[in-house]
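Chains as they are written, first to last, in the working numbering: chain H, 159 to 248; chain G, 4 to 963. By construction, the Cβ of each residue, glycine as well, lies at the ideal position given by its N, Cα and C atoms. A quick note: this is a predicted structure, and the numbers were derived from the prediction, not measured.
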């Protein structure tokens with residue numbers, strides 16, 4: 159499996175470390191329910207999935223990789239920085 | 004024909020004679036032979052014994068699907084079991100041994116199993132070895148282990164080298180028969196970067212084995228011309244002896260190349276095998292089709308083989324399987340074998356074509372070699388070999404490795420590959436196109452990346468037609484479906500009757516389709532018989548799951564060069580040489596080698612560590628602390644970043660000062676701790692525990708990039724840039740004073756928790772921190788890594804007059820337990836700041852990672868286990884890590900559990916064992932007598948809960 163790192167180009171999956179679903183956003187509020195959801199609640203989607211990947215043996219950037227959980231086809235990889243800026247604060 | 008070697012023909016070099024041995028007996032063969040072909044040419048058909056019944060078995064196939072002719076090659080560390088004789092290239096001096104027989108292949112005691120065959124029916128493992136339960140471990144399992152298994156692995160280390168490699172291409176072509184060659188030619192001529200891989204030593208696939216005609220020349224000549232053209236092109240990589248064994252995500256293929264399996268010993272500069280990951284933009288599966296056996300009585304007697312194998316031995320290896328042949332077929336392959344054999348001068352006694360006669364073979368006569376066949380009408384035909392063909396199965400394995408299932412095709416009576424998209428396509432007979440002209444056309448199509456498909460050469464087609472015949476039910480002899488596992492035709496209906504109707508269950512119950520060949524020959528027959536027994540169609544029964552590896556891959560190839568000291572890197576600290584010179588014993592901590600103790604005059608570890616503690620606490624000691632993670636943090640938002648990472652505050656830390664920090668996980672549990680020093684207004688140096696250094700760095704990168712991308716902060720690991728040593732003890736200041744330049748180390752100019760750049764030894768730039776893990780008046784001195792050992796030696800020299808003593812992590816650990824400092828045993832991923840007695844560090848004035856979740860009710864419960872000190876009730880007694888703590892009156896049970904001991908040490912200062920423990924509501928239980936239960940060593944003693952700080956509670960020595 160190959161991932162197209164925005165900094166390093168196409169690199170093999172062994173260079174990356176994964177950290178699960180990228181869609182939950184760190185709450186700004188003090189609402190405990192929002193925090194429980196953020197820490198523990200994970201969907202297990204079939205199909206497209208945004209996932210944190212750390213280019214730990216490369217440029218050390220955290221990426222958000224969009225892949226298909228069934229076929230493992232990788233659609234896109236953007237930096238977590240851009241992803242965070244794009245969606246703004248919750 | 005004299006003997007069984009044909010007088011002419013074949014792709015063997017008759018001028019190069021090779022000597023080899025089988026079970027100690029010496030034979031000769033020719034360059035170009037396989038072990039199987041050479042044995043056949045020497046009229047040796049008995050090559051192995053079967054798994055369960057120990058029946059005599061001969062070679063069935065001429066390729067990688069071989070289930071029977073498995074032999075052990077080589078000796079010592081190079082010994083390799085279960086090698087298929089059909090794939091072993093003959094070399095001079097080759098020594099092969101048969102397997103699964105005792106005392107000899109010819110006379111095997113295990114063959115009595117055949118007499119008890121009623122016991123070995125489907126599911127016999129489950130039925131026979133069940134009761135009594137107590138027999139399992141002591142009697143059944145050792146018995147099964149001794150009797151089962153074919154070859155034996157060597158117990159010596161493999162002396163050969165293995166490599167791993169990566170390859171990239173636009174088009175990967177798997178298989179070099181007519182389809183693969185045509186695809187390769189088409190793509191290569193268009194300038195496409197291709198890899199052509201084939202499991203055989205010689206490229207050309209079936210064109211090497213068959214009499215074909217392409218472009219008005221023989222199929223062989225056409226293949227040789229095509230290969231020579233491909234070899235001349237720079238965009239072509241040919242990989243013979245390479246099995247593409249698996250298809251993985253992202254169109255990545257696993258391949259193993261047997262670089263030096265065909266010689267006795269690899270040259271010293273080459274690997275034995277090379278494992279290559281091939282990244283292919285597109286790939287073509289041109290793997291061809293596998294001929295199937297027919298299931299009939301005695302279909303395993305040596306001398307019975309696949310019709311295509313028999314003609315391969317005749318055409319390619321000039322080896323005759325017998326003097327008088329009977330052919331048994333349900334398709335046109337039989338006739339083709341008969342005509343090739345006749346052309347080679349071998350007598351064909353009869354062709355029994357199930358499409359033309361009702362009188363089929365019901366039994367094969369002969370034990371270790373075919374002597375004749377018996378037909379359903381009781382007619383006997385004498386012969387010494389039988390060629391069988393039950394039809395053809397496209398080799399679909401690779402295309403099914405990612406979950407897609409093959410589909411049944413009635414017209415060719417075989418499973419054909421599923422459509423898995425345009426990045427990986429099947430072509431030729433692997434796609435169920437059984438005519439040569441179809442293969443060439445398919446190959447050209449598959450090799451065209453863009454534009455028009457070029458015209459293909461004309462060829463002569465052999466007829467292909469098949470009428471399924473799976474099982475001769477009238478068989479009188481044992482009829483085998485799966486040779487390697489001795490699964491018979493009767494086992495499958497039995498499995499179905501006992502409820503194992505699903506093909507996956509039937510496979511496991513009957514063992515049909517398991518072991519080294521994974522049912523390459525037998526599976527389709529098994530499916531058909533199960534379908535028949537359960538009144539279902541082939542599609543309804545379906546196939547078992549196809550998984551990598553297509554054929555067995557050695558551990559050596561998968562491990563590659565990463566063995567012995569190459570298995571993982573070794574990290575040596577900048578003070579390693581210094582410690583080594585002083586005779587340190589090192590301990591592995593992750594990848595690090597840490598100096599653990601410095602024994603003198605035959606001391607054991609405890610004596611050495613005790614002496615080191617006493618010397619440090621009474622004078623001065625020096626310890627290598629370079630392995631602590633060090634992260635340099637800079638930028639206008641550095642303070643804010645640290646405030647958010649740590650539960651305590653760093654914005655109030657003055658430049659030139661250090662502060663202990665505690666980091667939580669987002670779920671509120673403690674993650675890591677360490678001191679952070681503020682070197683300048685916008686410049687910090689963080690330290691982490693040795694174990695968490697990499698994790699903390701990744702955590703910081705995550706928090707910054709994913710949560711707070713707008714913080715203007717930079718940070719980098721500088722762990723390896725600095726050599727760091729702790730200098731501790733009442734004489735630490737006096738020692739250091741001798742090596743620092745232009746500074747007086749008193750409490751005014753360099754107070755407790757001072758942290759500053761200093762100049763030492765006449766101009767070297769270093770950093771000095773007045774911090775203490777030992778509880779003594781102590782410093783940590785950081786110097787550029789390359790000077791680590793040199794500076795440590797200088798410190799030793801400076802401290803000589805004070806009796807300076809090097810100490811290791813054992814002494815370090817003893818001192819931290821004496822002082823009640825938490826470490827790995829307490830920072831164990833279950834404890835909160837409150838549990839560790841550090842609850843007051845948690846700021847209420849700012850946001851930080853873990854703040855919200857740390858407030859959860861469960862994490863605030865006063866009955867949580869928290870850190871206390873623990874000592875034996877009898878001061879002469881011993882306590883041990885891991886012992887559970889119980890109320891004095893309770894019996895040992897999890898319900899009564901109060902906690903456990905997390906760290907212990909022999910305290911040289913208190914002259915007794917002391918420890919730290921996690922105990923429910925522990926802080927209010929100081930002074931309580933408790934039971935200590937150690938279920939592993941089965942001891943029950945008494946202890947006393949106390950304050951975690953065992954030594955110098957008032958910190959007098961720290962501030963001395």
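Cα-Cα, which of the options is closest to residue i?
{"i": "residue 1 of chain G", "options": "G:407, G:475, G:556 and G:582", "result": "This structure does not reach residue 1 of chain G, given that chain G is present from 4 up to 963, and the question cannot be answered."}
{"i": "residue 77 of chain G", "options": "G:27, G:924, G:546 and G:817", "result": "G:27"}
{"i": "residue 701 of chain G", "options": "G:461, G:674 and G:835", "result": "G:674"}
{"i": "residue 247 of chain G", "options": "G:238, G:219 and G:288", "result": "G:288"}
{"i": "residue 468 of chain G", "options": "G:356, G:519, G:605 and G:407", "result": "G:356"}
{"i": "residue 113 of chain G", "options": "G:54, G:170, G:168 and G:62", "result": "G:54"}
{"i": "residue 462 of chain G", "options": "G:253, G:692 and G:210", "result": "G:210"}
{"i": "residue 189 of chain G", "options": "G:455, G:690, G:842 and G:871", "result": "G:455"}
{"i": "residue 655 of chain G", "options": "G:842, G:577 and G:846", "result": "G:846"}
Using C-beta distances below 8 Å, list every residue in its chain close to residue i, excluding the 5 sequence neighbours before and after it, in chain order.
{"i": "residue 269 of chain G", "result": "163, 164, 262, 263 and 275"}
{"i": "residue 766 of chain G", "result": "744"}
{"i": "residue 532 of chain G", "result": "298, 473, 474, 484, 492, 495 and 496"}
{"i": "residue 827 of chain G", "result": "692 and 694"}
Which word fits residue i, buried or exposed, when buried means at least 16 other C-beta atoms lie within 10 angstroms of its C-beta?
{"i": "residue 777 of chain G", "result": "buried"}
{"i": "residue 191 of chain H", "result": "exposed"}
{"i": "residue 105 of chain G", "result": "exposed"}
{"i": "residue 213 of chain H", "result": "buried"}
{"i": "residue 744 of chain G", "result": "exposed"}
{"i": "residue 820 of chain G", "result": "buried"}
{"i": "residue 16 of chain G", "result": "exposed"}
{"i": "residue 571 of chain G", "result": "exposed"}
{"i": "residue 267 of chain G", "result": "exposed"}
{"i": "residue 22 of chain G", "result": "exposed"}
{"i": "residue 359 of chain G", "result": "exposed"}
{"i": "residue 953 of chain G", "result": "buried"}
{"i": "residue 167 of chain H", "result": "exposed"}
{"i": "residue 340 of chain G", "result": "buried"}
{"i": "residue 825 of chain G", "result": "buried"}
Short of 7 Å in beta carbon distance, which residues of its chain neighbour residue i, apart from the five on each side in sequence? Order them along the chain.
{"i": "residue 398 of chain G", "result": "290, 291, 292, 293 and 433"}
{"i": "residue 865 of chain G", "result": "924"}
{"i": "residue 799 of chain G", "result": "625 and 807"}
{"i": "residue 832 of chain G", "result": "672"}
{"i": "residue 265 of chain G", "result": "92, 94 and 204"}
Within the same chain, show all residues whose beta-carbon is closer than 6 Å to that of residue i, passing over the 5 residues directly before and after it, in chain order.
{"i": "residue 206 of chain G", "result": "179, 230 and 243"}
{"i": "residue 595 of chain G", "result": "574 and 630"}
{"i": "residue 52 of chain G", "result": "103, 104 and 111"}
{"i": "residue 369 of chain G", "result": "304"}
{"i": "residue 899 of chain G", "result": "889 and 893"}
{"i": "residue 979 of chain G", "result": "As displayed, chain G neither begins before 4 nor continues past 963, which places residue 979 of chain G out of reach and without an answer."}
Exercise for the section: Decide if the segment 673-680 of chain G is in contact with the segment 704-720 of chain G; the criterion is three or more beta carbon pairs, one per stretch, under 8 Å apart. Expected result: Touching, no, given that fewer than three Cβ pairs across the two stretches are closer than 8 Å.
Practice task
Go through the segment 547-635 of chain G residue by residue and report every complete run of the beta strand (DSSP E) that reaches 3 residues or more, in order.
Solution key: 588-592, 595-600 and 624-627
Practice task
Run through the segment 670-704 of chain G for me and flag every whole beta strand (DSSP E) of 3 or more residues, listed as ranges in chain order.
Solution key: 673-683 and 686-691
Exercise for the section: Counting only runs of 3+ residues fully inside the segment 263-330 of chain G, write out the beta strand (DSSP E) ranges in chain order. Expected result: 276-288, 292-294 and 307-309
Exercise for the section: Check whether the segment 612-620 of chain G touches the segment 803-817 of chain G, counting contact only when three or more Cβ pairs, one atom from each stretch, lie closer than 8 Å. Expected result: Because the criterion of three Cβ pairs below 8 Å is met, the segment 612-620 of chain G and the segment 803-817 of chain G touch.
Exercise for the section: Could you tell me which uninterrupted beta strand (DSSP E) segments, each at least 3 residues in length, are contained entirely in the segment 21-56 of chain G, listed from first to last along the chain? Expected result: 28-34
Practice task
Evaluate the contact criterion for the segment 348-366 of chain G versus the segment 32-47 of chain G: three or more CB pairs, one atom per stretch, below 8 Å.
Solution key: no
Exercise for the section: Would you check if there are 3 or more beta carbon pairs closer than 8 Å linking the segment 907-918 of chain G to the segment 847-866 of chain G? Expected result: Contact fails: fewer than three Cβ-Cβ distances are below 8 Å.
Exercise for the section: Please confirm if the segment 319-334 of chain G is in contact with the segment 279-288 of chain G, defined as three or more CB-CB distances below 8 Å between the two stretches. Expected result: no
Exercise for the section: Could you say if the segment 237-246 of chain H and the segment 725-735 of chain G meet the contact criterion of at least three C-beta pairs nearer than 8 Å? Expected result: With a cut-off of 8 Å, the segment 725-735 of chain G and the segment 237-246 of chain H do not count as touching, because too few Cβ pairs lie within range.
Problem - Contact between the segment 61-73 of chain G and the segment 341-353 of chain G (3+ Cβ pairs under 8 Å) - result: The segment 61-73 of chain G vs the segment 341-353 of chain G: no contact.
Practice task
Could you tell me whether the segment 180-187 of chain G touches the segment 85-104 of chain G, using the rule of 3 or more Cβ pairs below 8 Å?
Solution key: no
Problem - Segment contact flag, the segment 548-561 of chain G with the segment 401-411 of chain G, C-beta cutoff 8 Å, min 3 pairs - result: yes
Exercise for the section: Pair every Cβ in the segment 326-341 of chain G with every Cβ in the segment 307-314 of chain G, then say whether three or more of these pairs are closer than 8 Å. Expected result: yes
Problem - Contact the segment 716-725 of chain G vs the segment 771-790 of chain G: 3+ CB pairs below 8 Å - result: yes
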